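Engineer: Mind looking over this structure? Questions follow.
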Amino acid sequence: MSEHFRAFSFVDRILADETGKHISGRYAIPAEIGEFPLSLVSEAIGQLAAWSSMAATGFEVRPVAGIAGRVEFTGSVKPGDVLDLEATLVKADLEAVGYDGLARVNGETVVRLLDTLGPMVPMVDFDDPAAVRARYELLTSTGAEPFAFGGVPAMNTEKTGGIPGESSEGVLRVPENAAFFGDHFPRNPVFPGTLLMNLKLGFALGLANEIGDPSSWRPAAACDVKLRSFMPPGEVLDLKAEVESHDGDFLRVIVTTRKGKRLNSSAKFELVRSN
C-alpha cells in the first residue's frame, strides 16, 4: 500500500476554507500508536494552512518548512485524542505562505503557532499536482479515512561532548529509509522539519537535566525556529545545544544543526520545571 497521504498526513477533514485567508479542520490521532509528540501537532496546523495556500494558488506550488516566530506548547495530547485545527493566513501566493494557527483538544488549546512563514516550491518537483488536488477535494467533502498514521520509527541523537550544564554536542542521523518519506514527499523525500524540532527539543531537555539536582523539565515554547536547507534520507548533522539563560525554574536553550560549517537549522527552546 502506498504511504502517500498516510504515513505523514495529519488532516482528516477540512471543515471550512476561506481560501488563502482562514481554514479549520480536524485530525483524529490513532489510539493504537505509542505517542504523538507536540511537534506533530504543530505539523498538523502547518499542513492545514498548507492546504488553504495550495488551493489559493491553484496547486501550482506547495509550502515547505521555513520559519516559525514562536510555537507555544500550552497543553498535552495522547493517542486517541481529536485535534480541532485552525489557521489564519496573512499571505498565500506563489512565493510563500504566512500564518498563525492553533490546535485544541476538548476545547483547550494545546499548541499555538505564531508568525509562521513557509516558502513555496514547485508542486511538480515534490508531488503529483492532480493527486494533491483530488486529496483536497476529498478532505473538503467526505473527509479522509481516519487512523492511517502508524507512527514514526524511534530516532535518537548521539551525544559526543560538551560542558555539563552549559552545552552539549552531538550527532543527528536522518534515517536512510522510513515510511514517512513516501508522504513527505513522494517525488523528493525530505526529513520533516517538525521531526527535527522534536529531536532538538529532546537534546535540549537532556542538557537541562544536567543543571543542578536532577529534575524534570517540560517545553513551554520554541522561538525563532529556522530551517535553512532540506535534509535528504541518510543526512548526518552536527548538533549543539547551549544554555542562553537560566533563572530558577525557567531555562532558555539554543539548539543548532550544521552540515560541516554550514548552518542547517536553529531554534531557541523555553523550558520550565514541571510541578
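Each number in my numbering corresponds to the 1-based position in the sequence shown with 172 added. By construction, the Cβ of each residue, glycine as well, lies at the ideal position given by its N, Cα and C atoms. Keep in mind that this is a model prediction, so the values were computed, not measured.
Determine the extent of the beta strand (DSSP E) in which ASP396 is found, giving its start and end residues.
Structural biologist: For the purposes of this step, residue 396 is identified with residue 224 of the sequence shown, where counting begins at 1. Where ASP396 is concerned, the enclosing beta strand (DSSP E) stretches over 389 to 399.
Engineer: Would you check if the distance between the CB atom of VAL283 and the CB atom of THR260 is smaller than 8 Å?
Structural biologist: Here residue 283 is taken as the residue at index 111 of the sequence shown, counted from 1. Here residue 260 is taken as the residue at index 88 of the sequence shown, counted from 1. No, the Cβ-Cβ distance between VAL283 and THR260 is not below 8 Å.
Engineer: Rounded to the nearest angstrom, what separates TRP223 and ILE383 at their Cα positions?
Structural biologist: Counting from 1 along the sequence shown, the entry for residue 223 is found at position 51. Counting from 1 along the sequence shown, the entry for residue 383 is found at position 211. Roughly 42 Å between the two C-alpha positions.
Engineer: Do you know offhand how far SER174's Cα is from VAL444's?
Structural biologist: Numbered from its first residue, the sequence shown carries residue 174 at position 2. Numbered from its first residue, the sequence shown carries residue 444 at position 272. Whole-angstrom Cα-Cα distance: 41 Å.
Engineer: Assuming ASP297 is part of the beta strand (DSSP E), what are its boundary residues?
Structural biologist: If you number the sequence shown from 1, residue 297 lands on position 125. Looking at the DSSP string, ASP297 is not in any beta strand (DSSP E); the run it does join, the alpha helix (DSSP H), is 295 to 298.
Engineer: So, with DSSP's three-state summary, where would you put LYS372?
Structural biologist: Position 200 of the sequence shown holds residue 372. Correct three-state label for LYS372: helix.
Engineer: Quick one: residues in its chain with C-beta nearer than 6 Å to the C-beta of ARG178, no 5 flanking neighbours on either side, listed in chain order?
Structural biologist: Taking the sequence shown and counting its residues from 1, the one referred to as residue 178 is at position 6. Within the same chain, ARG178 has close Cβ partners ALA320.
Engineer: Go through the stretch 286 to 333 residue by residue and report every complete run of the alpha helix (DSSP H) that reaches 4 residues or more, in order.
Structural biologist: List check, alpha helix (DSSP H) in window: 295 to 298 and 301 to 311.
Engineer: Taking 7 Å as the limit between beta carbons, can you name the residues of its chain near ASP419, skipping five residues before and five after?
Structural biologist: Taking the sequence shown and counting its residues from 1, one reaches residue 419 at position 247. Around ASP419: no qualifying Cβ.
Engineer: If you draw a straight line from the C-alpha of SER214 to the C-alpha of VAL362, how long is it?
Structural biologist: The count along the sequence shown starts at 1 and reaches residue 214 at position 42. The count along the sequence shown starts at 1 and reaches residue 362 at position 190. Answer to the nearest angstrom: the Cα atoms are 17 Å apart.
Engineer: What's the C-alpha gap between ALA216 and THR314?
Structural biologist: Working through the sequence shown from its first residue, we reach residue 216 at position 44. Working through the sequence shown from its first residue, we reach residue 314 at position 142. For ALA216 and THR314, the distance between alpha carbons rounds to 19 Å.
Engineer: Would DSSP call VAL213 helix, strand or coil?
Structural biologist: In the sequence shown, the residue the question calls residue 213 occupies position 41. VAL213 falls in the helix class under three-state DSSP.
Engineer: Buried or exposed: which applies to ILE335, given that a residue is buried once 16 or more other Cβ atoms fall within 10 Å of its Cβ?
Structural biologist: Within the sequence shown, the letter at position 163 stands for residue 335. Its Cβ having fewer than 16 others within 10 Å, ILE335 is exposed.
Engineer: By DSSP's criteria, VAL236 is part of a beta bridge. Which residues make up the other side?
Structural biologist: Residue mapping note: residue 236 aligns to position 64 of the sequence shown, counting from 1. According to DSSP, VAL236 bridges with nothing at all.
Engineer: Report back the beta-carbon spacing between VAL243 and VAL397 to the nearest angstrom; my notes put them in contact at under 8 Å.
Structural biologist: On the sequence shown, position 71 is the one that residue 243 refers to. On the sequence shown, position 225 is the one that residue 397 refers to. Right, their Cβ atoms sit about 6 Å apart.
Engineer: Out of HIS194, PHE182 and GLN219, which one is the CA nearest neighbour of ILE201?
Structural biologist: If you number the sequence shown from 1, residue 201 lands on position 29. Of the candidates HIS194, PHE182 and GLN219, the one whose C-alpha sits nearest the C-alpha of ILE201 is PHE182.
Engineer: DSSP three-state call for GLY365: helix, strand or coil?
Structural biologist: For this step, residue 365 is matched to residue 193 along the sequence shown. In the structure shown, GLY365 sits in a helix (DSSP, three-state: H, G or I).
Engineer: Between MET226 and the rest of its own chain, which residues show a CB-CB distance below 6 Å, the 5 nearest in sequence each way excluded?
Structural biologist: Here residue 226 corresponds to residue number 54 of the sequence shown, with the count starting at 1. So the list reads ARG234, once near-sequence residues are dropped.
Engineer: Less than 7 Å between C-beta atoms, sequence neighbours within five positions excluded: which residues of the same chain meet that for THR332?
Structural biologist: Counting from 1 along the sequence shown, the entry for residue 332 is found at position 160. Contacts found: GLU341, GLY342 and VAL343.
Engineer: Below 8 Å on the Cβ atoms is my guess for SER196 versus ALA188; work out the distance and round it to an integer in Å.
Structural biologist: Residue mapping note: residue 196 aligns to position 24 of the sequence shown, counting from 1. Residue mapping note: residue 188 aligns to position 16 of the sequence shown, counting from 1. Yes, they are in contact, since the Cβ atoms of SER196 and ALA188 sit about 5 Å apart, within 8 Å.
Engineer: Could you tell me whether the Cβ atoms of PRO405 and VAL346 are closer together than 8 Å?
Structural biologist: To locate residue 405, count along the sequence shown from 1; it is residue 233. To locate residue 346, count along the sequence shown from 1; it is residue 174. Cβ atoms of PRO405 and VAL346: closer than 8 Å.
Engineer: Which residues does DSSP pair with THR429 in a beta bridge?
Structural biologist: Residue mapping note: residue 429 aligns to position 257 of the sequence shown, counting from 1. Answer by DSSP bridge pairing, in chain order: LEU411 and SER437.
Engineer: What residues match up with GLY197 in a beta bridge as DSSP calls it?
Structural biologist: Position 25 of the sequence shown, counting from 1, holds the residue named residue 197. In the DSSP output, where bridge partners are listed per residue, GLY197 has ILE186 and LEU257.
Engineer: Kindly indicate which three-state DSSP category ALA227 falls into: helix, strand or coil?
Structural biologist: Within the sequence shown, residue 227 is the residue found at index 55, counting from 1. Note: ALA227 maps to helix in three-state DSSP.
Engineer: Helix, strand or coil for GLY384? Go by DSSP, reduced to three states.
Structural biologist: By 1-based counting over the sequence shown, the position of residue 384 is 212. Here GLY384 sits in coil by DSSP.
Engineer: With 16 other CB atoms within 10 Å as the buried threshold, where does GLY290 fall?
Structural biologist: Position 118 of the sequence shown holds residue 290. Buried, by the Cβ-count rule.
Engineer: Between the stretch 409 to 416 and the stretch 250 to 259, are three or more C-beta pairs nearer than 8 Å?
Structural biologist: At 8 Å Cβ cutoff, the stretches do not touch.
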